[in-house]
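Asks: A single structure is presented below for examination.
There are 2 protein chains.
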Amino acid sequence: MGVTQKTLERRLLDALSERGLRQTGQRRTIADVFFDGGRQEHLGLEEIHRRARQRDRRIGYATVYRTMKLLSELGLAQERRFGDGLVRYEVAEAGHHHDHLICTRCARILEFEEPRIEALQERVAAAHGFTIEWHRHEIYGVCDRCSGPAG
Amino acid sequence: MGVTQKTLERRLLDALSERGLRQTGQRRTIADVFFDGGRQEHLGLEEIHRRARQRDRRIGYATVYRTMKLLSELGLAQERRFGDGLVRYEVAEAGHHHDHLICTRCARILEFEEPRIEALQERVAAAHGFTIEWHRHEIYGVCDRCSGPAG
DNA sequence: CTCATTGCAAATAATTTGCATGTAA
DNA sequence: TTACATGCAAATTATTTGCAATGAG
Chain A
5 MGVTQKTLER
15 RLLDALSERG
25 LRQTGQRRTI
35 ADVFFDGGRQ
45 EHLGLEEIHR
55 RARQRDRRIG
65 YATVYRTMKL
75 LSELGLAQER
85 RFGDGLVRYE
95 VAEAGHHHDH
105 LICTRCARIL
115 EFEEPRIEAL
125 QERVAAAHGF
135 TIEWHRHEIY
145 GVCDRCSGPA
155 G
Chain B
5 MGVTQKTLER
15 RLLDALSERG
25 LRQTGQRRTI
35 ADVFFDGGRQ
45 EHLGLEEIHR
55 RARQRDRRIG
65 YATVYRTMKL
75 LSELGLAQER
85 RFGDGLVRYE
95 VAEAGHHHDH
105 LICTRCARIL
115 EFEEPRIEAL
125 QERVAAAHGF
135 TIEWHRHEIY
145 GVCDRCSGPA
155 G
């Protein structure tokens, strides 16, 4: 519940009122759950729903679905698909881009940043006359924990 | 229908007999369709099914599904998910790794290879004690055709 | 002959939507 | 008040599976 989260909540409230959308208990609860967990974890709808219901039992799956879609549109969440047939959401922190290392044994997800890769990527795109909107770079393999002596 | 295709067909037949699996008309037709189109295009099951039925109207969707799964297991096809909620297949050419530029306007998919990115990726993984199994690097944006004068 | 393979239809799994009801502004 | 938002249940969408019939070896 650091400074960043306050900013995220504020950004949400601002974005809602800017667009004439309503501030509801459900939206706040779902956003809280997401802002709490979605910075480190990559949460699926089911998991967000489960956590939101711990705080307010009345929250329905469809509301979670629609709220997360909304957060994506507002630029506060990013949808990710890691190929397990599940949409996952992570907090979109302004200016903080990163990519992922995904363990195929324990499903742990690590993040990495490599400016030199980003730079090369720009060149590749330019060479094809391509204007980048976004990208994803996912490395699948076995993490240190899983390949260790006990792994 | 170049040299490579012959090799792919041969590889399929060899793999089938090696494992005591049967060579059927459907499998040959589906593989042909896929080997013809899957090197340049990234075909979904529906499309493969459609094309296969042009050659043999009796071929069912489930057979396409199972045959493509089989080709993946045999190492002749690679499953790709570009986030449009559709599994796509492309021919796995031995030793020829590449990544993708995906146009968000016309859905055209270009391929690229950049050894320096691959090398940096190795370092990133090593720094996290991570053993790479495979990766995907997808760049989404607008292609030259779509951003041109008429675009 | 035998057992892998096929095609159909039905089952899953996850996402998305329709609609009557609730509620923030 | 009055649109927007919610919850439920049902619709979609794509994938996956069960099973009786078929056919390769």
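First to last, the sequence lines map onto chains A and B. Under my numbering, the first sequence has 40 at position 36, and the numbering climbs by one with no breaks. Under my numbering, the second sequence has 33 at position 29, and the numbering climbs by one with no breaks. Virtual Cβ for every residue (Gly too), placed ideally from N, Cα, C.
Would you check if the segment 84–91 of chain A and the segment 46–62 of chain A touch, i.e. whether three or more CB-CB distances between them fall below 8 Å?
Replies: With contact defined as three or more Cβ pairs closer than 8 Å, the segment 46–62 of chain A and the segment 84–91 of chain A are in contact.
Asks: For G6 (chain A) and R31 (chain B), I'd like the C-alpha separation in whole angstroms.
Replies: No answer about G6 (chain A) holds up, because its pLDDT of 49 lies below 50 and its placement is not dependable.
Asks: Are the beta-carbon atoms of A129 (chain A) and I136 (chain A) separated by less than 8 Å?
Replies: yes
Asks: Among all the DSSP beta bridges, which residues are the ones paired with Q82 (chain A)?
Replies: A:E94
Asks: Quick one: does C147 (chain B) have its CB under 8 Å from some CB of chain A?
Replies: yes
Asks: Would you kindly report the start and end of the unbroken beta strand (DSSP E) that includes R140 (chain A)?
Replies: Residues 135–146.
Asks: Over the uninterrupted beta strand (DSSP E) stretch that includes I106 (chain A), give me the two end residues.
Replies: 103–107
Asks: How would you list, in chain order, the residues of chain B whose beta-carbon sits under 9 Å from the beta-carbon of A129 (chain A)?
Replies: The contacting residues are L105, F116, I143, G145.
Asks: Under DSSP, the alpha helix (DSSP H) around H45 (chain A) begins and ends at which residues?
Replies: Before going on, a small fix: residue 45 (chain A) reads as Glu here, not His. Taken as a continuous stretch (DSSP letters only), E45 (chain A) belongs to no alpha helix (DSSP H), as it is neither H nor E.
Asks: Thinking C-alpha only, which one of A:H101, A:S76, A:S21 is nearest A35 (chain A)?
Replies: A:S76
Asks: For the alpha helix (DSSP H) holding E115 (chain B), just list the boundary residues, first then last.
Replies: Taken as a continuous stretch (DSSP letters only), E115 (chain B) belongs to no alpha helix (DSSP H), being part of the beta strand (DSSP E) at 113–116.
Asks: Tell me, please, whether the CB atom of R140 (chain B) is closer than 8 Å to any CB atom in chain A?
Replies: yes
Asks: In terms of residues, what are the limits of the alpha helix (DSSP H) holding G29 (chain B)?
Replies: 29–41
Asks: So L25 (chain B) is in the alpha helix (DSSP H); what residue range does that whole segment cover?
Replies: Premise fails: L25 (chain B) is in no alpha helix (DSSP H) and is neither H nor E.
Asks: Label G42 (chain A) either buried or exposed according to how many other C-beta atoms from any shown protein chain fall within 10 Å of its C-beta, with 16 as the threshold for buried.
Replies: buried
Asks: Measuring only the C-alpha atoms, how far is H100 (chain A) from L80 (chain A)?
Replies: 12 Å
Asks: Closest to A131 (chain A) by C-alpha separation, out of B:L20, B:L114, B:V68, would be which residue?
Replies: B:L114
Asks: Using beta carbons (cut-off 8 Å, strictly below), is L124 (chain A) in contact with chain B?
Replies: yes
Asks: Spatial neighbours of A19 (chain B) within its chain, please: CB distance less than 6 Å, with the 5 preceding and 5 following residues excluded, ordered by chain position.
Replies: L78
Asks: What residues from chain A crowd round R112 (chain B), counting only those whose CB sits closer than 9 Å?
Replies: Within chain A, no residue comes near R112 (chain B); the closest Cβ sits about 10 Å away, beyond 9 Å.
Asks: If you compare alpha carbons, which of A:R61, A:Q58, A:F38, A:H102 is closest to T71 (chain A)?
Replies: A:F38
Asks: Check each residue of the segment 60–91 of chain A: if its Cβ is closer than 7 Å to any Cβ of chain B, include it; give the result in chain order.
Replies: R85, G87
Asks: Locate the alpha helix (DSSP H) running through I121 (chain B), then write down its first and last residues.
Replies: 119–131
Asks: Our contact map puts R57 (chain A) next to D103 (chain A) with C-beta atoms below 8 Å; I'd like the distance itself, whole angstroms only.
Replies: Rounded, the Cβ-Cβ distance is 32 Å, inconsistent with contact.
Asks: Which same chain residues end up closer than 6 Å to L90 (chain A) when comparing Cβ atoms and leaving out the 5 residues on each side of it in sequence?
Replies: Taken in chain order, the residues that qualify are G48.
Asks: DSSP three-state label for I63 (chain A), please.
Replies: coil
Asks: Tell me whether L20 (chain A) sits in a helix, a strand or coil according to DSSP, three-state version.
Replies: helix
Asks: Taking all protein chains shown into account, decide if R92 (chain A) is buried (16 or more other Cβ within 10 angstroms of its Cβ) or exposed.
Replies: buried
Asks: From G155 (chain A) to I143 (chain A), what distance separates their C-alpha atoms?
Replies: Its pLDDT being 49, under 50, G155 (chain A) is placed unreliably in this model, and the value from its coordinates should be taken loosely. Rounded to the nearest angstrom, the two C-alpha atoms are 19 Å apart.
Asks: Helix, strand or coil: which one does DSSP assign to C150 (chain B)?
Replies: helix
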